[in-house]
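Worksheet: one structure, shown below.
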Amino acid sequence: MAINHAIHTIGQLNRPAELRTKEEFGIQRGGDDDLRYQVDPFAELYYDKESSEIQGLSDRQIVGYDEPMINVCERLQEFSFVFAVFRPTSGYLAIEEEDQSAAELDVELGEEYKKSARKVDKEALGQSDGATLHDGFIQFHNWNPNRIGATPEEFGKAHSKYRDEILELERKGHRWNVVEWWMLKHKDTKIMAYSTLAEMEERLGDLIREAYTDSEQIITQTSAIEGRPIDRWSEAGKPGKYGILEFMYFRNLVKVCRESEAVLNLIDMNVPELRSYTDGVNDLRNDVMHPINTVFEEKSDIAEFIESITNVEEFLSRTENCL
Numbered sequence: 130m131a132i133n134h135a136i137h138t139i140g141q142l143n144r145p146a147e148l149r150t151k152e153e154f155g156i157q158r159g160g161d162d163d164l165r166y167q168v169d170p171f172a173e174l175y176y177d178k179e180s181s182e183i184q185g186l187s188d189r190q191i192v193g194y195d196e197p198m199i200n201v202c203e204r205l206q207e208f209s210f211v212f213a214v215f216r217p218t219s220g221y222l223a224i225e226e227e228d229q230s231a232a233e234l235d236v237e238l239g240e241e242y243k244k245s246a247r248k249v250d251k252e253a254l255g256q257s258d259g260a261t262l263h264d265g266f267i268q269f270h271n272w273n274p275n276r277i278g279a280t281p282e283e284f285g286k287a288h289s290k291y292r293d294e295i296l297e298l299e300r301k302g303h304r305w306n307v308v309e310w311w312m313l314k315h316k317d318t319k320i321m322a323y324s325t326l327a328e329m330e331e332r333l334g335d336l337i338r339e340a341y342t343d344s345e346q347i348i349t350q351t352s353a354i355e356g357r358p359i360d361r362w363s364e365a366g367k368p369g370k371y372g373i374l375e376f377m378y379f380r381n382l383v384k385v386c387r388e389s390e391a392v393l394n395l396i397d398m399n400v401p402e403l404r405s406y407t408d409g410v411n412d413l414r415n416d417v418m419h420p421i422n423t424v425f426e427e428k429s430d431i432a433e434f435i436e437s438i439t440n441v442e443e444f445l446s447r448t449e450n451c452l
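When we follow our numbering, the leftmost residue of the sequence shown carries the number 130, and every step to the right adds one.
So, in structure tokens, the structure goes:
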């Protein structure tokens, strides 16, 4: 079973980036001076204000605003930050044909684009809701999935004379954002993790139902359930054929499966294999389920988080056809 990580993106886990040309690195500009990183997307450089160092910006540091959160977690192990770009701007196109960049002309967009690249009707564009005419170039800002022109960073690289103006236009839209590792402490990260863990919890319960005839058999044939779950189930009148499952903690479900030959045979695993998928998952679940708990105390915790999520996904995949 594949978890749909596309529904959990980094849309809420970011702060507006400081867009600068490299010549402006280190210069105070006012309201954005509390941010650590200043970025020049055209020169592919960034400035770290804490270390006062200029470093190269990798292509892997630039992701879309809708990038799945789990992918960003992986990249934040490698980089100090990830640069998330939200693109309501479809593209930029130079007006003069000889001034059009290779990046613009190489884009496969069909006859309409090729026509606009050869000859631009300024009057028609001036009346269009989907574009803005600037001095020397056109900014397309509709939601057309087929991009017209070059991306802001492509256009800025190709046309240095427009860089300052492009930066000002892009700053206004808050479309360029920085995600640092500590921003993963956001509740959306917990929501993503919970949706994955919930799939595992449901799968464990289904496997136990498949292996046993009823609640009494689960209790008598394993030693994994004791104390409070049984008491609560009994106090409720022992409801449901498999009602005990509703009163069990996650750790009880895991323990039953580890101790049950019937379950192990069903999923074709031995105890060490099952432990490799489930160890540490209960700790992550506790952190996710309690609002005051944090999943990430420091950056190195990202690796353990990814390992737990990956283990859950592999367990779900391996047991998908066992029911």
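Note that beta-carbon positions come from the ideal geometry of N, C-alpha and C, so glycine has one too.
Checklist entry - Can we say the stretch 387-405 touches the stretch 275-292, given the rule of at least three CB pairs closer than 8 angstroms? => result Segment contact: the stretch 387-405 against the stretch 275-292, fewer than three CB-CB distances shorter than 8 angstroms; contact not assigned.
Item to check | Three-way DSSP call (helix, strand, coil) for V307 in this model | outcome: On the sequence shown, residue 307 is found 178 positions in, with the first residue counted as 1. V307 falls in the strand class under three-state DSSP.
Next on the checklist: In this structure, how does DSSP classify I421 when only helix, strand and coil are distinguished?
Outcome noted: Sequence index remark: in the sequence shown, residue 421 carries index 292 (1-based). I421: coil per DSSP, three-state reduction.
Item to check | Under the three-state DSSP convention, the category Q350 falls into | outcome: By 1-based counting over the sequence shown, the position of residue 350 is 221. Secondary structure of Q350 (DSSP, three-state): helix.
Checklist entry - So, I354 versus Q206, is the Cβ gap smaller than 7 angstroms? => result Mapped onto the sequence shown, residue 354 falls at position 225. Mapped onto the sequence shown, residue 206 falls at position 77. Contact flag unset, no.
Item to check | Proximal residues to R332 (C-beta, below 7 angstroms), its chain only, five neighbours per side dropped | outcome: On the sequence shown, position 203 is the one that residue 332 refers to. Around R332: L445, T448.
Next on the checklist: Which residues does DSSP list as the beta-bridge partners of V214?
Outcome noted: Taking the sequence shown and counting its residues from 1, the one referred to as residue 214 is at position 85. In DSSP, V214 forms a bridge with G193, W305.
Checklist entry - A213: buried (16+ other C-beta within 10 angstroms of its C-beta) or exposed? => result For this step, residue 213 is matched to residue 84 along the sequence shown. Classification of A213: buried, given that the 10 Å Cβ count is 16 or more.
Checklist entry - Are there 16 or more other CB atoms within 10 angstroms of the CB of D397, so buried, or fewer, so exposed? => result The residue given as residue 397 occupies position 268 in the sequence shown. An exposed status is given to D397, since fewer than 16 other beta-carbon atoms sit within 10 Å of its beta-carbon.
Checklist entry - Given that a residue counts as buried once 16 or more other Cβ atoms are within 10 Å of its Cβ, and exposed if not, what is A172? => result Within the sequence shown, residue 172 is the residue found at index 43, counting from 1. Buried, by the Cβ-count rule.
Next on the checklist: In the DSSP assignment, the alpha helix (DSSP H) including D177 goes from what residue to what residue?
Outcome noted: Stepping through the sequence shown from its first residue, residue 177 is reached at position 48. Premise fails: D177 lies in the beta strand (DSSP E), 174-177, not in any alpha helix (DSSP H).
Checklist entry - Between N440 and E328, what straight-line distance do the alpha-carbon atoms span, to the nearest angstrom? => result Along the sequence shown, read from residue 1 onward, the residue named residue 440 stands at position 311. Along the sequence shown, read from residue 1 onward, the residue named residue 328 stands at position 199. Approximately 12 angstroms, taken between the alpha carbons.
Checklist entry - By how many angstroms is the C-alpha of D335 removed from the C-alpha of V236? => result Position 107 of the sequence shown, counting from 1, holds the residue named residue 236. Position 206 of the sequence shown, counting from 1, holds the residue named residue 335. Because the pLDDT of V236 is 46, which lies under 50, any placement of that residue in the model is unreliable, and the question is left without a value.
Next on the checklist: Rounded to whole angstroms, what is the Cα-Cα separation between F210 and I347?
Outcome noted: Counted from its first residue, the sequence shown places residue 210 at position 81. Counted from its first residue, the sequence shown places residue 347 at position 218. Rounded to whole angstroms, F210 to I347 spans 48 angstroms at the Cα level.
Checklist entry - Hey, how far is the Cα of G193 from the Cα of F266? => result In the sequence shown, the residue the question calls residue 193 occupies position 64. In the sequence shown, the residue the question calls residue 266 occupies position 137. G193 and F266: Cα-Cα distance of roughly 24 angstroms.
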